[in-house]
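Asker: Heads up, the sequence shown is in the UniProt record's numbering, so the first residue is 1 and it goes up one at a time.
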Amino acid sequence: MYEEVISLLHKSNTIYEKFEHEPILDYEADLLMRERLGIEGIPSKSLFLKAKDDSYYVFFTLEGTRLDTKHLKELTGKRLSLISPDELREITGCVPGCVAPFGYTSNVTIIVDNTVYAHEKLLISPGVPQFTIALSTEEFRKILSTCENTVFEYKKES
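#1: How many Å lie between H71 and K78 at the Cα?
#2: Taking S84 as the reference, which of V95, L67, L75, E17 has the closest Cα?
#3: What whole-angstrom Cβ distance do A100 and M33 have, given they're in contact under 8 angstroms?
#4: Tell whether a beta-carbon distance below 9 angstroms holds between P129 and P23.
#5: Using CA coordinates, which residue listed in T109, L47, I143 is at the minimum distance from S7?
#6: Can you give the Cα-Cα distance for P43 and Y154, rounded to whole angstroms?
#7: In chain order, what residues of the same chain lie with their CB nearer than 6 angstroms to the CB of A51, ignoring the 5 residues before and after it?
#8: When the Cα atoms are used, what is the spatial distance from S26 to E63?
#9: Closer than 6 angstroms by C-beta to E17: which residues in its own chain qualify, once you throw out the five before and the five after it? Chain order, please.
#10: Could you tell me if K45 is buried or exposed, where buried requires 16 or more neighbouring beta carbons within 10 angstroms of its beta carbon?
#11: Hey, F19 and L37 are a contact pair by Cβ (cut 8 angstroms); roughly how many whole angstroms apart?
#12: Could you name the residues of the same chain whose beta carbon sits closer than 6 angstroms to that of K73, not counting the 5 residues immediately before and after it, in chain order?
#13: Which one or two residues does DSSP pair with I111 in a beta bridge?
#14: Determine the closest residue to I15 out of T150, S136, K156, with distance taken between C-alpha atoms.
#15: Under a Cβ-count criterion, where at least 16 other Cβ atoms within 10 Å of its own Cβ denotes burial, should residue 227 be classed as buried or exposed?
#16: Cα-Cα, which of V58, L67, T76, D54 is closest to Y98?
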């Protein structure tokens with residue numbers, strides 16, 4: 001998955017920064033690493049989801065956001081649930097806890113929480129725990145526009 005993410009960043013002429021660091025698999029270690037390296041941006045998370053019909057989705061949101069499966073069902077018309085760590089590795093090549101927001105085959109639908117667009121700079125995982133990618137929200141939108149994936153916008157009513 002890492003190679004697909006980096007390839008897509010290059011193909012779309014995206015301006016980004018790549019940081020190499022010790023493997024990070026939890027929010028606390030991530031915060032310490034960002035402070036130590038001076039990495040600026042809003043941490044994100046991506047969740048890989050599956051419907052009963054074996055269709056796949058990636059939900060891209062901000063760190064700390066809770067998954068609202070009822071709202072996702074309203075958006076997609078399908079009941080979505082997280083896949084197992086083994087299935088995640090097998091299907092995507094991503095390390096659990098390091099799901100990338102893009103770089104998937106066209107049959108994976110990307111769902112973007114619109115709250116990410118309220119921030120200037122995003123921090124994303126490229127699918128492996130030892131790298132972090134920083135890019136502007138504008139560059140993130142550019143990548144999504146070049147993907148062959150269907151992209152839904154998730155707008156949660158307050």
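Glycine is no exception: its CB is placed at the ideal position from the N, C-alpha and C atoms.
Answerer: In short, the structure shows the following:
#1: 10 angstroms
#2: V95
#3: The pair is not a contact, with the Cβ atoms about 18 angstroms apart (cut-off 8 angstroms).
#4: yes
#5: I143
#6: 18 angstroms
#7: K78, L80
#8: The question names Ser, but residue 26 in the sequence shown is Asp. Taking the straight line from one Cα to the other gives about 11 angstroms.
#9: A134
#10: buried
#11: 6 angstroms
#12: R79
#13: F59, F152
#14: S136
#15: Here the chain comprises residues numbered 1 to 158, so residue 227 is not present and cannot be evaluated.
#16: Sequence inspection shows Cys at residue 98; the Tyr mentioned does not correspond to that position. When only C-alpha atoms are compared, the closest one is V58.
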